[in-house]
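Here the structure is laid out as structure tokens; the discussion comes afterwards.
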Amino acid sequence: EDQVTQSPEALRLQEGESSSLNCSYTVSGLRGLFWYRQDPGKGPEFLFTLYSAGEEKEKERLKATLTKKESFLHITAPKPEDSATYLCAVQEETSGSRLTFGEGTQLTVNP
Amino acid sequence: NAGVTQTPKFRILKIGQSMTLQCTQDMNHNYMYWYRQDPGMGLKLIYYSVGAGITDKGEVPNGYNVSRSTTEDFPLRLELAAPSQTSVYFCASSYFVGGEQYFGPGTRLTVT
């Protein structure tokens with residue numbers, strides 16, 4: 005059974021204080037790992053897809069990396085508008101298009 | 151494009167009542183999904199569809215039913231609502247297997 009564990013559950017940063025969020029996963033064969041951002045009261049918003057170990061993707065202050073067992077979402081010099089819950093999800097090779105989500109990391113960036 | 155739209159935004163049901171949550175997408179995506187999200191939790195897949203006329207169960211299908219008669223619409227039916235179905239429901243769609251899923255704004259359902 006696919007498993008996704010995100011840590012920490014919650015993270016408070018000061019504006020400009022860089023940090024990383026972790027997503028550990030267990031799948032028999034990974035098709036893709038997805039990162040989403042979710043603001044309160046809204047649906048998840050797609051950020052990145054990573055397909056193979058060693059792959060990296062960047063968008064503004066966010067950078068996602070992937071190894072064979074985990075993914076990191078690095079946040080460089082965060083701003084208060086980066087405050088949100090960040091969700092990680094995996095898609096297993098034989099599961100079709102289904103995603104298995106982690107419980108998310110709630111990030112708060114204080115000005 | 152409006153993307154993925156869901157109605158209603160909020161609903162309160164009494165135990166034993168039934169309702170249909172509506173989901174429509176205008177991106178011509180073949181794949182559509184229904185998730186539920188409980189407070190502080192990740193999303194759990196209820197049902198999904200790979201095209202019109204084809205649906206399959208996800209992780210938590212009990213108490214729900216779906217149909218997919220068109221590419222655009224994927225309604226979720228709750229029969230005999232129970233308090234355990236109090237949750238936020240999200241509909242999503244994707245263009246292909248392995249593609250990113252686009253989510254609607256959600257329906258907040260309370261069963262009392």
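Protein sequences appear in the order of chains D and Z.
Mind the numbering: the first sequence is residues 5 to 115 in my numbering, read in order.
Mind the numbering: the second sequence is residues 151 to 262 in my numbering, read in order.
Heads up, the beta-carbon is just placed ideally off N, CA and C, and yes, glycines get one too.
Being a predicted model, the structure only gives us computed values, none of them experimental.
Which bits of chain Z does residue i rub up against, with CB to CB less than 7 Å?
i, result
"D/ARG35", "GLY248"
"D/LEU91", "GLY192"
Quick one: does residue i have its CB under 8 Å from some CB of chain Z?
i, result
"D/THR53", "yes"
"D/LEU102", "For clarity, residue 102 of chain D is Arg in the given sequence; the question names Leu instead. Answer yes: the Cβ-Cβ gap between D/ARG102 and chain Z drops below 8 Å somewhere."
"D/PHE76", "no"
"D/GLY108", "yes"
I think residue i touches residue j, with their Cβ atoms under 8 Å apart; what is that distance to the nearest whole Å?
i, j, result
"Z/THR170", "Z/ARG218", "Rounded, the Cβ-Cβ distance is 13 Å, inconsistent with contact."
Where does residue i sit, in a helix, a strand or coil, going by DSSP?
i, result
"Z/SER237", "strand"
"D/GLU64", "coil"
"D/TYR85", "Correcting the residue type first, residue 85 of chain D is Glu in the shown sequence and not Tyr. In this structure, D/GLU85 counts as helix in the three-state DSSP scheme."
"D/ARG102", "coil"
"D/SER56", "coil"
Output yes if chain D places a C-beta closer than 8 Å to the C-beta of residue i; else output no.
i, result
"Z/ILE166", "Residue identity differs from the one stated: residue 166 of chain Z is Gly in this sequence, not Ile. Not closer than 8 Å to any Cβ of chain D, the Cβ of Z/GLY166 fails to qualify, so no."
"Z/PHE240", "yes"
"Z/SER237", "no"
Just the chain D side, please: which residues come within less than 9 Å of residue i by C-beta, in chain order?
i, result
"Z/TYR214", "Those within 9 Å of Z/TYR214 in chain D number zero; the least Cβ separation is about 16 Å."
"Z/GLY201", "Near Z/GLY201 there are no residues of chain D at all, since even the closest Cβ is about 11 Å away, more than 9 Å."
"Z/TYR198", "GLY100, SER101, ARG102"
Report the neighbours of residue i on chain D: residues whose CB is nearer than 7 Å to its CB, in chain order.
i, result
"Z/LEU193", "PHE105"
"Z/SER105", "Residue 105 of chain Z falls outside the range modelled here, since chain Z spans only 151 to 262, and no answer is possible."
Starting from the beta carbon of residue i, find every residue of chain Z whose beta carbon is closer than 9 Å, and list them in chain order.
i, result
"D/LYS46", "PHE253, PRO255, GLY256"
"D/GLN95", "VAL247, GLY248"
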